[in-house]
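Everything below concerns the one structure shown next.
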Amino acid sequence: MLDRAANTVESRQLTIGDKTVSLSVDTAHPEEPAFFVLGVRKSGSTMLNKAVTFLASRSKHHCVDWPGMFFKNGFTVRDWSGLDFSNVIEGGNVYTGFRNFPKALAGNAAFAKARKVLLVRDPRDALVSQYYSDAFSHALPSAKGMNAEQGRQSFIEKRKQAQESDINDYVIAKAAGMNATLMEYKDIVGDETTLLLKYEHVIFQKRWMLGKILKHYGWTLHPGKIDNLMKQIHVIPSQEDEKKFVRKAIPGDHLEKLKPETIRKLNAKLAESLSFFDYE
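Okay, so the sequence shown: first residue is 5 according to the numbering used here, each after it adds one.
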């Protein structure tokens with residue numbers, strides 16, 4: 005492994021309207037590829053990002069969570085997804101936190117060469133999880149930050165709407181958006197730079213998942229450190245609690261929570277992504 009002791013981290017600025025967000029990047033390893041952690045909301049992305057952040061720090065790679073930085077400052081994905089991020093991508097950095105495809109990077113050469121891990125989930129289960137998250141458990145943006153109050157109020161309103169909705173009505177209303185999010189990734193699935201993982205395969209096999217990620221990224225880690233990470237990420241509740249972030253974690257939840265008629269409607273609205281990712 006390269007000696008990574010002399011990392012050089014500098015600040016890069018991105019502008020939204022009259023506001024500027026700063027991101028730190030390591031510029032000391034231009035000969036390496038960049039690394040991306042990609043996912044979909046309510047599809048195990050928090051667990052995956054926590055795992056890769058741990059692996060990266062032990063492998064001396066610098067992590068950049070630009071979706072998280074924008075969220076903390078009260079900006080939505082819509083606010084920042086079209087920005088030019090070309091000055092932020094540097095070799096050796098690990099870019100985490102994505103729950104949507106970074107559309108602005110679609111034609112970016114550095115992104116095309118980057119090593120990517122993508123985690124997806126049955127969108128019907130993801131929609132059920134999204135309902136409980138919006139209604140009860142998702143953390144609100146901080147009260148601090150340049151755009152914080154606007155972002156906070158937006159989430160409060162979203163929570164109110166979810167709590168006032170029947171879960172069946174909610175998931176049908178959100179289905180088109182979930183389908184679109186999944187299909188944004190279609191062009192990188194099958195590429196040798198992309199490791200595709202499924203929530204249903206990894207939720208009970210996280211050690212296997214970690215091994216696949218390390219191999220794909222070309223990193224190595226002592227087994228003892230893997231044991232320490234497993235203690236942090238292998239969380240399977242003994243019983244469901246709708247108020248907790250990790251509410252249930254068991255695949256197939258939509259079969260219990262939704263009416264048969266709702267599932268039929270979802271199957272139609274999600275037909276493209278269900279077929280593409282083999283969830284039929």
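Even for Gly, the Cβ is constructed at its ideal location relative to N, Cα and C. Bear in mind that the values here come from a model prediction, so they are computed numbers and not experimental data.
Using the rule of at least 16 other Cβ atoms within 10 Å of the residue's Cβ for burial, across every protein chain shown, is GLU94 buried or exposed?
-> Residue numbering aside, residue 94 sits at position 90 when the sequence shown is read from its first letter. By the neighbour-count rule (16 or more Cβ atoms within 10 Å), GLU94 is buried.
Does DSSP put GLY228 in a helix, in a strand, or in coil?
-> Within the sequence shown, the letter at position 224 stands for residue 228. The answer is helix: DSSP assigns GLY228 an H, G or I state.
Just mark GLY256 as buried or exposed, buried being the case when its beta carbon has 16 or more other beta carbons within 10 Å.
-> For the purposes of this step, residue 256 is taken as residue 252 along the sequence shown, with counting starting at 1. Burial call: exposed.
Hey, would you say ASN97 sits closer than 8 Å to HIS66, going by beta carbons?
-> The sequence position of residue 97 within the sequence shown is 93, counting from 1. The sequence position of residue 66 within the sequence shown is 62, counting from 1. In this structure, HIS66 lies closer than 8 Å to ASN97 by Cβ.
How many angstroms separate the CA atom of SER15 from the CA atom of VAL25?
-> For this step, residue 15 is matched to residue 11 along the sequence shown. For this step, residue 25 is matched to residue 21 along the sequence shown. In this structure, the alpha-carbon of SER15 lies about 10 Å from that of VAL25.
Please classify LEU270: is it buried, with 16 or more other beta-carbons within 10 angstroms of its beta-carbon, or exposed?
-> If you number the sequence shown from 1, residue 270 lands on position 266. Buried, because 16 or more other Cβ atoms sit within 10 Å of the Cβ of LEU270.
Where does GLY62 fall in DSSP's three states?
-> Translated into the one-based positions of the sequence shown, residue 62 becomes position 58. The question names Gly, but residue 62 in the sequence shown is Arg. DSSP places ARG62 in helix when its eight states are reduced to three.
For LEU201 versus LYS216, is the C-beta distance shorter than 8 Å?
-> Translated into the one-based positions of the sequence shown, residue 201 becomes position 197. Translated into the one-based positions of the sequence shown, residue 216 becomes position 212. Cβ distance < 8 Å, so LEU201 and LYS216 count as in contact.
Using 10 angstroms around the beta-carbon of ARG45, count the other beta-carbons present and answer buried if the total reaches 16, otherwise exposed.
-> Residue 45 sits at position 41 when you count from the first residue of the sequence shown. It is buried - the Cβ of ARG45 has at least 16 other Cβ atoms within 10 Å.
How would you label ALA184, buried or exposed, when you count the other beta carbons within 10 angstroms and need 16 or more for buried?
-> Taking the sequence shown and counting its residues from 1, the one referred to as residue 184 is at position 180. Burial call: exposed.
Do you know how far the Cα of ASP282 is from the Cα of LEU259?
-> Indexing the sequence shown from 1 puts residue 259 at position 255. Indexing the sequence shown from 1 puts residue 282 at position 278. Spanning the two alpha carbons is a distance of roughly 17 Å.
Out of GLU36, THR31, ALA32 and SER49, which has the shortest C-alpha to C-alpha gap to ILE207?
-> Mapped onto the sequence shown, residue 207 falls at position 203. That would be SER49, whose Cα lies nearest to the Cα of ILE207.
Does the beta-carbon distance from SER63 to TRP223 come in below 8 Å?
-> One-based indexing of the sequence shown puts residue 63 at position 59. One-based indexing of the sequence shown puts residue 223 at position 219. Yes, the Cβ-Cβ distance between SER63 and TRP223 is below 8 Å.
Indicate the three-state DSSP secondary structure (helix, strand or coil) for GLN134 in the structure shown.
-> Reading the sequence shown from its first residue, position 130 is the one you call residue 134. Helix, per DSSP.
For my contact list, ALA108 and PHE39 are in at a C-beta cut-off of 8 Å; report their separation, rounded to the angstrom.
-> As a first step, residue 108 must be located in the sequence shown, where it is residue number 104. As a first step, residue 39 must be located in the sequence shown, where it is residue number 35. Actually they do not touch by this definition, with Cβ atoms about 18 Å apart.
Rounded separation between GLU204 and ALA130 - CA only | The count along the sequence shown starts at 1 and reaches residue 204 at position 200. The count along the sequence shown starts at 1 and reaches residue 130 at position 126. Distance between the alpha carbons of GLU204 and ALA130: 11 Å.
Nearest to ILE230 by alpha carbon, out of LEU214, ASP69 and LYS219?
-> Taking the first residue of the sequence shown as position 1, residue 230 is located at position 226. If we check each option's Cα against that of ILE230, LEU214 comes out closest.
Using the DSSP secondary-structure output, state which residues sit across from ILE20 in a beta bridge.
-> Reading the sequence shown from its first residue, position 16 is the one you call residue 20. LYS23.
Have a look at LYS120, TYR99 and MET182 and flag the residue whose alpha-carbon is nearest the alpha-carbon of GLY194.
-> Reading the sequence shown from its first residue, position 190 is the one you call residue 194. GLY194 has its Cα closest to that of LYS120, out of LYS120, TYR99 and MET182.
CB MET182 to CB PRO127, shorter than 8 Å?
-> The residue given as residue 182 occupies position 178 in the sequence shown. The residue given as residue 127 occupies position 123 in the sequence shown. In this structure, PRO127 lies closer than 8 Å to MET182 by Cβ.
Enumerate in chain order the residues of its own chain whose CB-to-CB distance from ASN91 is below 7 Å, with the five nearest sequence positions on each side excluded.
-> As a working mapping, residue 91 is identified with position 87 in the sequence shown. Taken in chain order, the residues that qualify are ARG16.
Go through its chain and collect everything with a Cβ distance to SER28's Cβ below 6 Å, but skip five positions before and after it.
-> Along the sequence shown, one-based indexing puts residue 28 at 24. Taking C-beta separations shorter than 6 Å and ignoring five residues to either side along the sequence, the partners of SER28 in its chain run VAL13 and SER15, following chain order.
For ALA60, I'd like the list of residues in its chain whose CB is within less than 7 Å of its CB, leaving aside the five on either flank, ordered along the chain.
-> Start at 1 with the first residue of the sequence shown, and residue 60 comes out as number 56. Once the five neighbours on either side are set aside, the close Cβ partners of ALA60 are CYS67 and VAL98.
State buried or exposed for LYS235, treating a residue as buried only when at least 16 other CB atoms are found within 10 Å of its CB.
-> Counting from 1 along the sequence shown, the entry for residue 235 is found at position 231. With fewer than 16 neighbouring CB atoms inside 10 Å of its own CB, LYS235 falls in the exposed class.
What do you get for SER279, buried or exposed, if any count of 16 or more other CB atoms within 10 angstroms of its CB means buried?
-> Taking the first residue of the sequence shown as position 1, residue 279 is located at position 275. Counting the other Cβ atoms within 10 Å of the Cβ of SER279 gives fewer than 16, which makes it exposed.
Pick from TYR189, GLU35 and PHE102 that is closest to LEU42, judged by C-alpha positions = Mapped onto the sequence shown, residue 42 falls at position 38. Checked all of TYR189, GLU35 and PHE102; the closest Cα to LEU42 is PHE102.
Within 10 angstroms of its Cβ, does ARG125 collect 16 or more other Cβ (buried), or is it exposed?
-> For the purposes of this step, residue 125 is taken as the residue at position 121 of the sequence shown. Counting Cβ neighbours within 10 Å, ARG125 comes out buried, since at least 16 surround it.
Reducing DSSP to helix, strand and coil, say where LYS190 ends up.
-> Along the sequence shown, one-based indexing puts residue 190 at 186. Secondary structure at LYS190: coil, using DSSP grouped into helix, strand and coil.
Take PRO264 as the anchor and find which of HIS226, ASN53 and ILE171 has the nearest alpha-carbon.
-> Against the sequence shown, residue 264 aligns to sequence position 260. Among HIS226, ASN53 and ILE171, the Cα nearest to that of PRO264 belongs to ILE171.
Considering only residues of the same chain and omitting the five flanking positions on each side of LEU225, which have a CB-CB separation below 7 Å?
-> What you label residue 225 is simply residue 221 of the sequence shown in a count that begins at 1. If we look at LEU225 and ignore the five residues flanking it on each side, its Cβ neighbours are LEU59, ARG62, SER63 and LEU218.
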